[in-house]
Structure formats: structure tokens, C-alpha cells
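Please read the structure below before turning to the comments.
In the working numbering, the protein residues as written are 1 to 120.
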């Protein structure tokens, strides 16, 4: 496959996903500290969600469509978790915006194709 035929991701999408990936790694650091301080099913579940989020972000950068669906699943799980922990509806909905931004950026065109069309 030549470089010219290779799928290209819009620069804004790359920047946003990398920013989100770095933020997820920092969140993972604090989640690991919480698990080390208090081993509970809640902390272990959050650790698993954080690890999956990082995996999905990395695979999304490799143009895997299933990674987008994984990010959607993680977003829904965290939305339900935030509601169950009493963060309130407004703050829980704010957590959905990261995924919505990724979806919106997927529809930006580069070389006549949207990012979503390039996902494998």
C-alpha cells in the first residue's frame, strides 16, 4: 500500500484523541493509587474502565471501528456510574461530550473522505 492510498486522519481529530489519551493516562495514575489505598469492587471496576479507555484510544488511532464502539460503551458505562454515584444529571451529561466531540470530528473531511469512512 503506498503512502498516497493510506487513510489519513484529520489533524484536529488526532490532536483531540492524543489529548484525551494523555488525560486518560493521568486519570489511570490516580485510579491505581486509589486501588492501592483501598481495594474495593468500585475501584477495580474504575481501573478496568480506565485501562479499556486507553486501549480503545490507542486502537482508534489505528483506525479500528470497534474501538469507536468500545469508546461509546465506556462512555455509557461512566454515564451510568456517575448517575449512580450521585454526581447529578448535568455533570453526568458533561461526561458524554468527549465522545460527542470525537464523533463530530470524525465527520470532518480530508481528501474527500470523512474519518468515519476511513475506519476499518
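The beta carbon of each residue, even a glycine, is placed where N, CA and C say it ideally should be.
Here the structure is a predicted model, which means the values were calculated and not measured.
query	result
Between residue 115 and residue 13, which are expected to be in contact by the criterion C-beta below 8 Å, what is the C-beta distance as a whole number of angstroms?	6 Å
Could you name the residues of the same chain whose beta carbon sits closer than 6 Å to that of residue 78, not counting the 5 residues immediately before and after it, in chain order?	95
Can you confirm whether the stretch 41 to 58 touches the stretch 18 to 32 when touching is taken to mean that 3 or more C-beta pairs between the two stretches lie within less than 8 Å?	yes
Could you check what DSSP says for residue 109 in three-state terms: helix, strand or coil?	strand
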